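Structure first, then comments.
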Amino acid sequence: MEEEVVAHWPQKNSRRFAYYIASAFMSQLEWKMDSDGISRSELAKKMGKTPGRITQVFNDPGNMSLRVMVEHAGALGMKVCVVGYEDPDNTRGPLHPDVLVKTWQLAGCPANLFEAEEAAMTEATQAHFWSPEGVIHQHTKAQPAGIYPAGHGGWGKTQGTPLKNGGKVNQPASISEEKRASA
Amino acid sequence: MSQEAVTFRLLPGVPGNSFRAVGFLEGHRELTAKTFFDALQENQREYITTSILMWSDTGKDLSSRNHGFKSGTTYRELYVFKQSTNRFYGFLCNPILGNKRLHVCVLCIHAYKNERETDTAEQERVERWRLRAETAAALSAFYKKEQGAKGEGKVLQWKKK
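Going line by line, the protein sequences match chains P and S. Note that the working numbering has the first sequence beginning at 1, numbered continuously upward. Note that the working numbering has the second sequence beginning at 1001, numbered continuously upward.
What follows is the structure, encoded as structure tokens:
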């Protein structure tokens, strides 16, 4: 049998990729069930379905609809989020959703993008940014006067700077029109 | 009896990562895992491959798909990937000396499972292969090749209990 040329088989076609996504999602439900001590029969009862139907979904998740995913997750007290993402160098395999869940939890479970960006700042940067002693900069014509952290250009598009621990801190690079208007 | 060359290779299409990898030990009539894996129907193979992918990315056991036997007193390095009545038994190891991050699951034996408790014969067979010199040699050969000319890190030399 010839060796597979493609590094990660789910990338061979979208059906396989979708199968992996569905399977990974079901694995999250199973781990939740294991940790809460909920059997498939109990889940079936909660959802008003037969145990056989639940087993069928778990054993062959490939054709699961979004609605079914939401129903199963909801019965276990979980929510669902569908995420599209760009793989910077396309060498990584399909991302297991627990990677994103863990990242979200480590960031303090931000409820929106603003909280997520704030969470990405280092503690030191945050402390400086929000300190009463915030530095008043002399600005060029391109940037209006205002209170900004020293060394930062203000709000707007951010650049990532690698931290020693592998994380990133968002360093604002420029002021967006929206923020200039509100400054 | 002629010496069969025992070899190890990763599951094609699933290269693993710096933390987890799964492969097959082959080259002896007792080492049936790869043969049976190749003979699975496509949907069955897909199921097992998905389990392997998920374990590689999370390191987590999932009782319906794959798990270890850490709760027992013996054969604690044993590991199994399951699909319906198909059981692929192997063991976990750190094949590279000084590298505790990389855990490799070496699949050895296939069996059909019809009873709740694992047949101890399978456990014993996997444990024998875990301790055999040919196994260590096969893993050494594979990971020396993987590390390339730089030879970073020595490959673990197996010692019998």
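Backbone N, C-alpha and C fix where the C-beta goes; we use that ideal spot for every residue, glycine too. In this text the structure is predicted, and so the values were computed from the model without any measurement.
Buried or exposed: residue i, going by 16 or more other Cβ atoms within 10 Å of its Cβ?
i, result
"S:Lys-1082", "buried"
"S:Cys-1093", "buried"
"P:Val-70", "exposed"
"S:Lys-1100", "exposed"
"P:Glu-86", "exposed"
"S:Gly-1098", "exposed"
"S:Asn-1066", "buried"
"S:Ser-1063", "exposed"
"S:Ala-1005", "exposed"
"S:Tyr-1112", "exposed"
"S:Glu-1042", "exposed"
"S:Val-1014", "buried"
"P:Gln-105", "exposed"
"P:Pro-88", "exposed"
"P:Cys-81", "exposed"
"P:Cys-109", "exposed"
Can you look up residue i in the DSSP assignment and give me helix, strand or coil?
i, result
"S:Cys-1108", "strand"
"S:Ile-1096", "strand"
"P:Phe-17", "helix"
"S:Lys-1145", "helix"
"P:Leu-106", "helix"
"S:Gln-1083", "strand"
"S:Phe-1069", "coil"
"S:Pro-1015", "coil"
"P:Gly-52", "helix"
"P:Gly-84", "coil"
"S:Leu-1040", "coil"
"P:Gly-77", "coil"
"S:Ile-1052", "helix"
"P:Asn-59", "helix"
"S:Leu-1131", "helix"
"S:Ala-1005", "coil"
Per DSSP, residue i forms a beta bridge with which residues?
i, result
"S:Gly-1023", "S:Leu-1010 and S:Val-1106"
"S:Tyr-1047", "Note: S:Tyr-1047 sits in no beta bridge, so no partner."
"S:Leu-1062", "S:Asn-1066"
"S:Gly-1090", "S:Tyr-1079 and S:Leu-1107"
So is the beta-carbon of residue i under 7 Å away from any non-hydrogen atom of the ligand GDP?
i, result
"P:Arg-16", "Absence of the ligand GDP is noted for the structure shown, with no ligands found whatsoever."
Contact residues within the stretch 1047 to 1076 of chain S, judged by C-beta distance below 7 Å to chain P: Thr-1049, Thr-1050, Leu-1053, Met-1054, Asp-1057, Thr-1058, Lys-1060, Leu-1062, Ser-1063 and Ser-1064
Quick one: any contact between the stretch 1041 to 1048 of chain S and the stretch 1082 to 1100 of chain S, if contact means 3 or more CB pairs under 8 Å? yes
Below 8 Å between beta carbons is the criterion; list the residues of the stretch 26 to 42 of chain P that meet it against any residue of chain S, in chain order. Ser-27, Glu-30, Trp-31 and Asp-34
Pair every Cβ in the stretch 1063 to 1080 of chain S with every Cβ in the stretch 1118 to 1136 of chain S, then say whether three or more of these pairs are closer than 8 Å. yes
Interface positions of the stretch 50 to 76 of chain P facing chain S (Cβ-Cβ less than 9 Å), listed along the chain: Phe-58, Asn-59, Asp-60 and Gly-62
Mind checking the stretch 79 to 94 of chain P against chain S and listing, in chain order, the residues whose C-beta falls within less than 8 Å of any C-beta there? Gly-93 and Pro-94
So does the stretch 97 to 116 of chain P actually touch the stretch 50 to 67 of chain P, counting three or more Cβ pairs closer than 8 Å? no
At a cut of 8 Å, does the stretch 43 to 54 of chain P reach the stretch 103 to 120 of chain P through at least three beta carbon pairs? no
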